[in-house]
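Position one of the sequence shown corresponds to residue 181 (the numbering used here), numbered consecutively onward. Ideal Cβ placement from N, Cα and C applies to all residues, glycine included. Only one structure is covered here, and it is reproduced in the block below.
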Amino acid sequence: MSEELIKNLALIQNRVVQFIRLAGNSLIIYCECEPGNKDHGYSIWLEPTWHFRNNEHVITGSREAQTEDEQEHFNISEQFKILYFKSIKRVTIEPITNDLEIEFDEGYFIRTFVSDPNDEESWHIRDYYKQIKVIGNPKSIEYRE
């Protein structure tokens, strides 16, 4: 992992979750900003496949979020509110798969996992302060402005 990537991941640590959006079965976590903010904060976009868990069990995952039932989708979205105003303790990238794991206060985790080694994007992190985007997939991690 490059030194630049390590520095960028460290910037997200201790940031507070302000909003979470379930867009279909993609998950977007907003830290210190809300949707539409483009000049401050961070967003972490997770493409399927991912799961959300605590120290005891899996709470939900991208497969469950694939529903077309609006009420069911709403109920799944509500489960993420427990993360509002919690800090990100750690962000790690698994070296072989580039899977992203985000650890939050109080023992909550969200983790991506590879379902197709040819996916172009598994996740991305936007730094609105620096106006950069870090994109991860099973084969590489790249930066874009």
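For Ile192, the enclosing alpha helix (DSSP H) begins and ends at Glu183 to Ile192. Ser295 and Arg306 have their C-alpha atoms roughly 23 angstroms apart.
Glu286 and Gln259 have their C-alpha atoms spaced approximately 15 angstroms apart. The DSSP-derived three-state label of Ile315 is strand. Judged by beta-carbon spacing, Ile268 lies beyond the 7 angstroms limit of Phe254, meaning their Cβ atoms are not closer than that value. Sequence-distant Cβ neighbours of Asp299 in its own chain, meaning closer than 8 angstroms and more than five residues away, are Glu227, Asn317 and Pro318. In the structure shown, Asp249 adopts coil according to DSSP, grouped into three states.
From the listed residues Asn205, Gln198, Glu248 and Asn278, the smallest Cα separation to Gly221 is found for Gln198. For Phe293, the three-state secondary structure derived from DSSP is coil. Within a 10 Å sphere around the beta-carbon of Ala190 sit fewer than 16 other beta-carbons, which makes this residue exposed. If you look at Phe284, you'll find it in the beta strand (DSSP E) that goes Leu280 to Phe284. Ile200 sits close to Ile209, with the two beta carbons spaced by under 7 angstroms.
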